[in-house]
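Novice: Quick note on my numbering: the sequence shown kicks off at 2 and runs consecutively.
Using N, Cα and C, we set each Cβ at its ideal position, and we do this for glycine too.
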Amino acid sequence: MITVRTFPELSAAELWGILHLRSSIFVVEQDCVYLDPDTADFAEGTQHAFVGDDPLYPYSYARLLPLGWPDEHLPTDARAIGRVVTAENSRGLGYSAQIIRHLIEIADSEGVGAALNGQAHLEAWYARFGFERCGDTFIEDDIPHVPMVKYTSSPHS
2 MITVRTFPEL SAAELWGILH LRSSIFVVEQ DCVYLDPDTA DFAEGTQHAF
52 VGDDPLYPYS YARLLPLGWP DEHLPTDARA IGRVVTAENS RGLGYSAQII
102 RHLIEIADSE GVGAALNGQA HLEAWYARFG FERCGDTFIE DDIPHVPMVK
152 YTSSPHS
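As structure tokens, this is what we get:
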């Protein structure tokens, strides 16, 4: 089951679990030394989605940023999905796919698209959900990323 909460709705255990998972993968496993928690985490309208049986150890997580959140690589008429991450022992089980589909549904229910800056090696995986490249590959934290967008119920002109 997918849990979706805003920052004020997160319990201390859920917040710790999310930050622990993100740091374990993005900072330690991918060897990207950066401060992971940012102002987007507590911005009004940011939604945190996660799956797991124990709030301290979620299997998978992603966040959906408010419409118009500034990102030089993404369109402003779509809500950005970010920090998509799955615990090493939970990969290949479909948890991130469930979360991505759910976040697309949220954006679609608001009549807007969904966008993301995916790691380039995952471009085909994101394309399975209907995301299309919307810009050039760029480097972030020494990792190639691809800006992608998906418009569903609201046609993009």
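Can you tell me which of the three DSSP states Ser158 falls into?
Specialist: The residue labelled residue 158 in the question sits at position 157 within the sequence shown. A caution first: Ser158 carries a pLDDT of 41, below 50, which makes its placement in the model unreliable, though a value can still be read off. DSSP places Ser158 in coil when its eight states are reduced to three.
Novice: For His103 and Thr153, what's the separation of their Cα atoms in angstroms?
Specialist: For this step, residue 103 is matched to residue 102 along the sequence shown. For this step, residue 153 is matched to residue 152 along the sequence shown. Going from the Cα of His103 to the Cα of Thr153 covers about 13 Å.
Novice: Taking its Cβ as the centre, do 16 or more other Cβ atoms sit within 10 Å of His146, making it buried, or is it exposed?
Specialist: One-based indexing of the sequence shown puts residue 146 at position 145. Looking at its Cβ environment, which holds 16 or more other Cβ atoms inside 10 Å, His146 is buried.
Novice: Nearest to Phe92 by alpha carbon, out of Trp17, Leu22, Asp137?
Specialist: By 1-based counting over the sequence shown, the position of residue 92 is 91. This sequence places Arg at residue 92; Phe is not what is there. Comparing Cα-Cα distances from Arg92 to each of Trp17, Leu22, Asp137, the minimum goes to Leu22.
Novice: I'd like to know if the stretch 59-71 and the stretch 29-49 are in contact, where contact means that at least 3 CB-CB pairs between them fall below 8 Å.
Specialist: Flag = yes, the stretch 59-71 and the stretch 29-49 touch.
Novice: So, with DSSP's three-state summary, where would you put Gln120?
Specialist: Residue numbering aside, residue 120 sits at position 119 when the sequence shown is read from its first letter. Strand at Gln120.
Novice: Which class does Gly146 belong to by DSSP, given the choice of helix, strand or coil?
Specialist: Within the sequence shown, the letter at position 145 stands for residue 146. Position check: residue 146 holds His in this sequence, whereas Gly was assumed. Three-state DSSP puts His146 in a strand.
Novice: Just curious, the alpha helix (DSSP H) that Leu20 is in, first and last residue?
Specialist: Stepping through the sequence shown from its first residue, residue 20 is reached at position 19. Looking at the DSSP string, the run of the alpha helix (DSSP H) that includes Leu20 is 13-23.
Novice: Using CA coordinates, which residue listed in Asp55, Arg84, Gln48 is at the minimum distance from Ala108?
Specialist: Here residue 108 refers to the residue found at position 107 of the sequence shown. Here the closest residue by C-alpha is Gln48.
Novice: To the nearest angstrom, how far is it from the Cα of Phe8 to the Cα of Tyr35?
Specialist: Translated into the one-based positions of the sequence shown, residue 8 becomes position 7. Translated into the one-based positions of the sequence shown, residue 35 becomes position 34. Computed Cα separation, rounded: 21 Å.
Novice: Exposed or buried, what is Ala63 when buried is set at 16 or more other beta-carbons lying within 10 Å of its beta-carbon?
Specialist: Here residue 63 is taken as the residue at index 62 of the sequence shown, counted from 1. Buried, because 16 or more other Cβ atoms sit within 10 Å of the Cβ of Ala63.
Novice: What is the rounded straight-line gap between the Cα of Asp78 and the Cα of Phe27?
Specialist: Here residue 78 corresponds to residue number 77 of the sequence shown, with the count starting at 1. Here residue 27 corresponds to residue number 26 of the sequence shown, with the count starting at 1. Straight-line Cα distance between these residues: approximately 27 Å.
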